[in-house]
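These protein sequence lines are chains A and B, in that order. Going by the numbering used here, the first sequence opens with residue 1, and the numbers climb by one from there. Going by the numbering used here, the second sequence opens with residue 145, and the numbers climb by one from there. Working notes, beginning with the structure itself.
2 protein chains.
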Amino acid sequence: MLLETAYAEAQQSLTEGGIPIGAALFASDGTLLGRGHNLRVQNDDPSIHGETDAFRNAGRQTDYRSTIMVTTLAPCWYCSGLIRQFNIGSVIIGENTTFQGGEDWLTELGVAVTVLDDPRCIAMMASFIDLNPLLWNEDIGVAE
Amino acid sequence: MLLETAYAEAQQSLTEGGIPIGAALFASDGTLLGRGHNLRVQNDDPSIHGETDAFRNAGRQTDYRSTIMVTTLAPCWYCSGLIRQFNIGSVIIGENTTFQGGEDWLTELGVAVTVLDDPRCIAMMASFIDLNPLLWNEDIGVAE
């Protein structure tokens, strides 16, 4: 199951003291191209969300149209913009209960979006947000 | 002039053999928070555009609403998504002649967008695209 890789990345981030969001980019045949997780805390790097880390770790590609981005949490606008600009064809979302960004926008643009409503992902993120509200707000740009 | 920092970053990237797009994030009083440039070629990193490098180099911030993102080239959808998610209040664009991404979308969302139509930026990017069409297409996700 493709979500397992993203979930393992999110758990890895949690182990490192970071924000538990993981992602993985796959080819259409299920070959893993890149996997990664949020590194705001670990690297003091606000630019690395789960999706951008997976995208980076997949290296330079010339055609993303048949690729699948799998993420434990609904992509924020930053990561939704990544998906749009590079024409990533499919997005599989672990959960969109604790947060929503640009998924409806991506659907309207023709991206194949699947939401799994995975209970582990929901519990992981709900617990994290409950314990770390300021860090979570920082990661999604909520200043108030 | 705020564009000078972004332009110097773009020229630096060109010197390094990279894509000549630079950016800088400033506080509302003109204090430089971070500057950077596209690193696709230099680091084999597709996730680092000019804007994302400047954002990264500005470090962890909790409120971007009064910040100004200055970029030599109109932000792509990826970088426009960054601006939206983190509520960066103002964007100053060197030129939008050779490329356009999400600037109209940002304007509609209330971001203060200024386009300078800077002839040096236009010439720099037009020349680069003319000489490196495949690399340019790779950087903006154009597969065909």
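Ideal Cβ placement from N, Cα and C applies to all residues, glycine included.
State yes or no: is the beta carbon of residue i nearer than 9 Å to at least one beta carbon in chain B?
i: A:A143; result: yes
i: A:T52; result: yes
i: A:E9; result: no
i: A:R120; result: no
i: A:R151; result: In the structure displayed, chain A extends from 1 to 144; residue 151 of chain A sits before or after that span and is not available.
i: A:I129; result: no
i: A:T38; result: With the sequence shown as reference, residue 38 of chain A is identified as Asn, and Thr is not the correct amino acid for it. Not an interface residue.
i: A:E103; result: no
i: A:Q61; result: yes
Hey, residue i and residue j are a contact pair by Cβ (cut 8 Å); roughly how many whole angstroms apart?
i: B:G245; j: B:C223; result: 7 Å
i: A:A74; j: A:A54; result: That pair is no contact at about 15 Å.
i: A:T62; j: B:A287; result: 6 Å
Just checking: is the beta-carbon of residue i within a distance shorter than 9 Å of some beta-carbon in chain A?
i: B:W221; result: yes
i: B:G254; result: no
i: B:I192; result: yes
i: B:Q244; result: no
i: B:L226; result: yes
Measure the alpha-carbon distance for residue i versus residue j and round it to whole angstroms.
i: B:T196; j: B:G180; result: 8 Å
i: A:T67; j: B:V214; result: 32 Å
i: B:A202; j: A:D29; result: 39 Å
i: B:R200; j: B:G178; result: 7 Å
i: B:S191; j: A:D130; result: 30 Å
i: A:G110; j: A:E103; result: 11 Å
i: B:Q186; j: A:G141; result: 29 Å
i: A:Q11; j: A:F99; result: 18 Å
i: B:M102; j: A:L116; result: Residue 102 of chain B is absent from the structure shown; chain B starts at 145 and stops at 288.
i: A:G81; j: A:A123; result: 26 Å
i: A:A112; j: A:I88; result: 9 Å
i: A:S90; j: A:F26; result: 10 Å
Decide if residue i is buried, meaning its Cβ has at least 16 other Cβ atoms within 10 Å, or exposed.
i: A:L106; result: buried
i: B:D283; result: buried
i: B:P263; result: exposed
i: A:S146; result: Residue 146 of chain A lies beyond the range of chain A shown here (1 to 144); nothing can be said about it.
i: B:P277; result: exposed
i: A:M1; result: exposed
i: B:T258; result: exposed
i: B:E354; result: Look at the range of chain B in this structure, 145 to 288, and you will see that residue 354 of chain B is not part of it.
- Query: With contact counted as at least three CB pairs below 8 Å, one residue from each stretch, are the segment 3–21 of chain A and the segment 147–156 of chain B in contact?
  - Reply: Contact between the segment 3–21 of chain A and the segment 147–156 of chain B is absent, because fewer than three Cβ pairs lie under 8 Å.
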